[in-house]
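J.: So the sequence lines, in the order shown, correspond to chains A and B. Going by my numbering, the first sequence opens with residue 111, and the numbers climb by one from there. Going by my numbering, the second sequence opens with residue -15, and the numbers climb by one from there. Every residue, glycine too, gets a C-beta built ideally from N, C-alpha and C. Nothing here was measured: the structure is a model prediction, and the numbers come from that model.
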Amino acid sequence: MDLSNISITLLLASLMVASTPILLAAIGELVVERSGVLNLGVEGMMITGAVVGFIAGYHAASPLAGFVAAAAGGAALALLFGVLTQVLLSNQVATGLALTIFGAGLASLLGSGYVGIRAPVLPRLDIPLLSDLPFFGPVLFRHDIVVYLALALALGVWWMLRHSRAGLILRAVGESHDAAHALGYRVVRIRLLAILFGGACAGMGGAYFSLVRVPQWTDGVTAGTGWIALAIVVFASWRPGRLVAGAYLFGGIGVLQLNLQAARVPVPVEVLSMSPYLATIAALVILSRGKATAAPAALGQPFHASR
Amino acid sequence: MKRRTLLATGAGAAFAAAAGLPARAQDDGPLKIGFIYVGPIGDGGWTYQHDQGRLAVEERFGDAVETVYQESVPEGADAERAITQMVLGGADLIFTTSFGFGESTNAVAGQFPDVKFEHATGYLRTHPNVSTYDARFYEGRAVLGTMAGRLTTSNKIGYIASFPIPEVIQGINASFLHARRVNPDVEMVVIWAYTWFDPAKEADAAKAMIEQGVDVILQHTDSTAPQAAAAEAGGIYTFGQASDMASFKPAPRVASIIDNWAPYYIERVQAVMDGTWEQQAHWGGMAQGEVEIGEITDAVPAEIKTEAEQLIADITSGEYHPFTGPLNRQDGSVFLEEGEVATDEQLSTMDFYLEGMLGDIPS
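1) For a quick check, are the C-beta atoms of Leu302 (chain A) and Gln196 (chain A) less than 7 Å apart?
2) Are at least three pairs of beta-carbons, each pair with one atom in the segment 140 to 151 of chain B and one in the segment 328 to 336 of chain B, less than 8 Å apart?
3) Spatial neighbours of Leu122 (chain A) within its chain, please: C-beta separation below 7 Å, excluding the five flanking residues on both sides.
4) Roughly how many angstroms lie between the CA atoms of Asp35 (chain B) and Pro168 (chain B), to the nearest whole one?
5) Excluding sequence positions up to five away, which residues of its chain have a Cβ less than 8 Å from the Cβ of Gln10 (chain B)?
6) Using the beta-carbon of each residue, which ones in chain B are nearer than 7 Å to Pro378 (chain A)?
7) Pull up the distance between the alpha-carbon of Tyr295 (chain A) and that of Ala304 (chain A), whole angstroms please.
8) In chain A, which residues lie less than 8 Å from Trp176 (chain B) when you measure between Cβ atoms?
9) Could you check which residue in B:Asp182, B:Phe181 and B:Ile201 has the C-alpha nearest to that of Ala190 (chain B)?
10) Comparing C-alpha positions only, which one of B:Tyr304, B:Glu195 and B:Glu123 sits nearest to Ile156 (chain B)?
11) Give the straight-line distance between the Cα atoms of Ala357 (chain A) and Phe191 (chain A), rounded to the nearest whole angstrom.
12) Reducing DSSP to helix, strand and coil, say where Glu321 (chain B) ends up.
13) When the cut-off is 7 Å and only beta carbons count, does Asp329 (chain A) lie next to chain B?
14) Report the start-end ranges of each beta strand (DSSP E) in the segment 4 to 60 of chain B that is 3 residues or longer and not cut off at the edges.
15) By the 7 Å beta-carbon criterion, what residues does the segment 211 to 238 of chain B contribute toward chain A?
16) Taking 7 Å as the CB-CB limit, is Lys191 (chain B) close to chain A?
17) Return helix, strand or coil for Glu262 (chain B), following the three-state DSSP convention.
18) With His266 (chain B) and Tyr248 (chain B) assumed to form a contact (beta carbons below 8 Å), what rounded beta-carbon distance in angstroms separates them?
19) Name the chain D residues that come within less than 9 Å of Glu195 (chain B), Cβ to Cβ?
20) What residue range does the alpha helix (DSSP H) around Leu261 (chain A) cover?
21) Tell me whether Thr130 (chain B) sits in a helix, a strand or coil according to DSSP, three-state version.
22) Using a 10 Å radius around the Cβ and a threshold of 16 neighbouring Cβ atoms, would you call Pro112 (chain B) buried or exposed?
23) In this structure, how does DSSP classify Glu276 (chain B) when only helix, strand and coil are distinguished?
24) Around the C-beta of Val325 (chain B), are 16 or more other C-beta atoms found within 10 angstroms, so that it is buried, or is it exposed?
25) Within the same chain, show all residues whose beta-carbon is closer than 8 Å to that of Trp348 (chain A), passing over the 5 residues directly before and after it, in chain order.
26) Tell me whether Phe177 (chain A) is buried or exposed, calling it buried when 16 or more other Cβ atoms sit within 10 Å of its Cβ.
27) Along the segment 183 to 214 of chain A, what residues have a CB closer than 7 Å to any CB found in chain B?
28) Taking Cβ positions only, does Pro325 (chain A) come closer than 7 Å to chain B?
29) What residue range is occupied by the uninterrupted alpha helix (DSSP H) comprising Phe345 (chain A)?
30) Look up Ile141 (chain B) in the DSSP assignment and say whether it is helix, strand or coil.
31) Decide if the segment 150 to 161 of chain A is in contact with the segment 276 to 287 of chain A; the criterion is three or more beta carbon pairs, one per stretch, under 8 Å apart.
32) Give a yes or no on whether the minimum CB-CB distance between Val249 (chain A) and chain B is below 7 Å.
33) Which word fits Pro386 (chain A), buried or exposed, when buried means at least 16 other C-beta atoms lie within 10 angstroms of its C-beta?
34) How far does the alpha helix (DSSP H) with Thr158 (chain A) in it extend, from its first residue to its last?
35) For Val381 (chain A), does the three-state DSSP call read helix, strand or coil?
36) Determine, using beta carbons only, whether Ala187 (chain B) comes closer than 7 Å to chain A.
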């Protein structure tokens, strides 16, 4: 065992990177679920975003263009889900699962010509002065722009839900679409917008894999992260603050356990491998202890104005 | 391309793939051969190479054969369903291409005695219609280990391992043994990823190793993500796994261990056609062309390249066996006496590290 080889600074820095795709996908899904829609297709939207982002980023030689295209790609797939569930009133669970399968196939088809190509590099955004701080500099202020964007999005969502009129309306739609409808709010339109936002976030989360973290296109590059994001939304009881904690904890322990293995810490590898899941569930359950279930009351229920 | 046409193309392809499976083979029709893959063909590694073998079969036999495949089949109960579906779809010969498909393959084989099954890297042959086949990857690992031992300056070599099964443990031991042989100060850092294919996790594992001073990385997982992580870090050497991973030439990828399944697949398809197929446990290596070392790039100094090529020649000719005594186990007990060569039985049940390795194998 040689713990001195583990650099806390580098570990925390890679934690920020490892957590970003989960955070992006989860914050988008949180908004979707707060509007009363359960979209289980996060994984499908992520993988589509990953391939669309990679293709666009490669051809434009610009990772940022890739992220914009990934958001559009994820939103396009989400729109499909939105039309099916909100307009045609299909079952949300079944449609979401189908979206995951469809997204994986579509991504595989689109990406077949792009295997083994290298992605353009997203430059690190060294924030002047702050990035030179000892310890905090490398940990917090030497990342690419998407890391900060994910955090800013989480903060923005928190502020919107808590302090803005738009957030109040979104929550109202998610708690009781009949009441919101009676008050004159357009339930379907609001939900479609939330679904589009969720798709765009998931798409960017996927592109973070193919453009930054891996960074290249291979089939299955997101490897189930969409499901983790879905679980984190529930365990965070639909609160943005807890969601950030959950995403960072999961990503952080995932990186930490690999470092502990490399340092030959005498803990069984099986325990280390399951530690991200255990720790995240334990922490979020303790955080949410003793409070009434926070699930939006209308979550997963179909809405039609005629009823 | 408009988005609508794009979606229609995707849906069409998915429909065609789904519809292709249940089509029953006629008795006088082509021989139908099925392949069960553990990952996507686009992994650029393990499954890609199996699919190259499938394509080689198609090219060789043309219209006399029809091949079907299913990608990303999870190891476990669902594999049984996928294999059964392929049998019901009329397959006459099925290759299941991952260790974890062993029990499922045998379970299905018991129900369909007329269908032939070939299970890769396994050992279970509970029914007469199941063969197993494997490649002597440890021969290639010995070559990569030699190069790794010469190339490292930090004397720390990393090995991204998948699951603690004999095939992987042979690979770790063979690389470590040969790295030590040319560089007595070398130590090996092993990370068990518990997956065959998870690009992000593989990249994280490579980064964790690099952060802890590893400068040569071998991988036993199938994606190219560790190569990309090494390229980003700079000054790190890697080896392609399962397929050539040529896009990372000339560095960090300085050589590769390639699985070439084509000769075996063609041989077995021919055997079914001739009616000479029989159960066997096949284990081919460099001599049969099943394990190859990909181009050693110019990033490797000439004398190291020569040394590696000599080792390849010696193993191919059968003059040298990578596990030749005297060798001790990690606990100091004797594994092989002076001059003794490991038997296939000893290798296929290998569940211990060799002397000098640090850490434990997960049980």
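T.: Concretely, from the data shown:
1) Position 192 of the first sequence, counted from the start, is the residue given in the question as residue 302 (chain A). Position 86 of the first sequence, counted from the start, is the residue given in the question as residue 196 (chain A). Contact flag set, yes.
2) yes
3) Along the first sequence, one-based indexing puts residue 122 (chain A) at 12. Answer for Leu122 (chain A): Val249, listed in chain order.
4) In the second sequence, the residue the question calls residue 35 (chain B) occupies position 51. In the second sequence, the residue the question calls residue 168 (chain B) occupies position 184. The straight-line gap from Cα to Cα measures roughly 40 Å.
5) The residue given as residue 10 (chain B) occupies position 26 in the second sequence. Summary for Gln10 (chain B): the model assigns pLDDT 43, below 50, so the residue's position carries little reliability; its value from the coordinates is reported in the next sentence. So the list is empty, once near-sequence residues are dropped.
6) As a working mapping, residue 378 (chain A) is identified with position 268 in the first sequence. In chain order: Pro346.
7) Translated into positions along the first sequence, residue 295 (chain A) becomes position 185. Translated into positions along the first sequence, residue 304 (chain A) becomes position 194. Near 14 Å, if we compare the C-alpha coordinates of Ala304 (chain A) and Tyr295 (chain A).
8) Position 192 of the second sequence, counted from the start, is the residue given in the question as residue 176 (chain B). Near Trp176 (chain B) (Cβ distances below 8 Å), the residues of chain A are Gln371, Val379 and Ser383.
9) Numbered from its first residue, the second sequence carries residue 190 (chain B) at position 206. Ranking B:Asp182, B:Phe181 and B:Ile201 by Cα distance to Ala190 (chain B) puts B:Ile201 first.
10) As a first step, residue 156 (chain B) is located in the second sequence; it is residue number 172 there, counting from the start. The shortest Cα separation from Ile156 (chain B) among B:Tyr304, B:Glu195 and B:Glu123 belongs to B:Glu123.
11) By one-based count along the first sequence, residue 357 (chain A) stands at place 247. By one-based count along the first sequence, residue 191 (chain A) stands at place 81. Going from the Cα of Ala357 (chain A) to the Cα of Phe191 (chain A) covers about 25 Å.
12) Residue 321 (chain B) sits at position 337 when you count from the first residue of the second sequence. DSSP places Glu321 (chain B) in coil when its eight states are reduced to three.
13) Counting from one through the first sequence, the residue named residue 329 (chain A) turns up at place 219. Yes - at least one Cβ of chain B is within 7 Å of the one on Asp329 (chain A).
14) 15 to 20 and 49 to 54
15) Ala212 and Ser231
16) For this step, residue 191 (chain B) is matched to residue 207 along the second sequence. Output row for Lys191 (chain B): interface = yes.
17) For the purposes of this step, residue 262 (chain B) is taken as residue 278 along the second sequence, with counting starting at 1. Note: Glu262 (chain B) maps to coil in three-state DSSP.
18) Walking along the second sequence from the start, residue 266 (chain B) turns up at place 282. Walking along the second sequence from the start, residue 248 (chain B) turns up at place 264. Indeed, because the Cβ distance is near 7 Å, the residues count as touching under 8 Å.
19) Looking for chain D here will not work: the only protein chains present are A and B.
20) Indexing the first sequence from 1 puts residue 261 (chain A) at position 151. Counting along the chain, the alpha helix (DSSP H) containing Leu261 (chain A) begins and ends at Ile255 to His273.
21) In the second sequence, counting from the first residue as 1, residue 130 (chain B) sits at position 146. In the structure shown, Thr130 (chain B) sits in a helix (DSSP, three-state: H, G or I).
22) Residue 112 (chain B) sits at position 128 when you count from the first residue of the second sequence. Pro112 (chain B) should be labelled exposed.
23) Here residue 276 (chain B) corresponds to residue number 292 of the second sequence, with the count starting at 1. Of the three classes helix, strand and coil, the one that applies to Glu276 (chain B) here is strand, per DSSP.
24) Counted from its first residue, the second sequence places residue 325 (chain B) at position 341. Exposed.
25) Here residue 348 (chain A) refers to the residue found at position 238 of the first sequence. So the qualifying residues of the chain are Leu140, Glu143, Arg144, Ala404, Ala405 and Pro406.
26) Here residue 177 (chain A) is taken as the residue at index 67 of the first sequence, counted from 1. Phe177 (chain A) should be labelled buried.
27) Ala186
28) For this step, residue 325 (chain A) is matched to residue 215 along the first sequence. So yes, Pro325 (chain A) belongs to the interface.
29) Translated into positions along the first sequence, residue 345 (chain A) becomes position 235. Run containing Phe345 (chain A): Thr335 to Phe345, per the alpha helix (DSSP H) assignment.
30) Looking up residue 141 (chain B) in the second sequence gives position 157. Of the three classes helix, strand and coil, the one that applies to Ile141 (chain B) here is strand, per DSSP.
31) no
32) The sequence position of residue 249 (chain A) within the first sequence is 139, counting from 1. Taking Cβ atoms only, chain B never reaches closer than 7 Å to Val249 (chain A), which makes this a no.
33) The residue you call residue 386 (chain A) lines up with position 276 of the first sequence. Buried is the call here.
34) Here residue 158 (chain A) corresponds to residue number 48 of the first sequence, with the count starting at 1. Where Thr158 (chain A) is concerned, the enclosing alpha helix (DSSP H) stretches over Val152 to Ala170.
35) Locating residue 381 (chain A) in the first sequence gives position 271, counting from the first residue. Reduced to three states, the DSSP call for Val381 (chain A) is helix.
36) Here the question's residue 187 (chain B) lines up with position 203 in the second sequence. Judged by the 7 Å Cβ criterion, Ala187 (chain B) is in contact with chain A.
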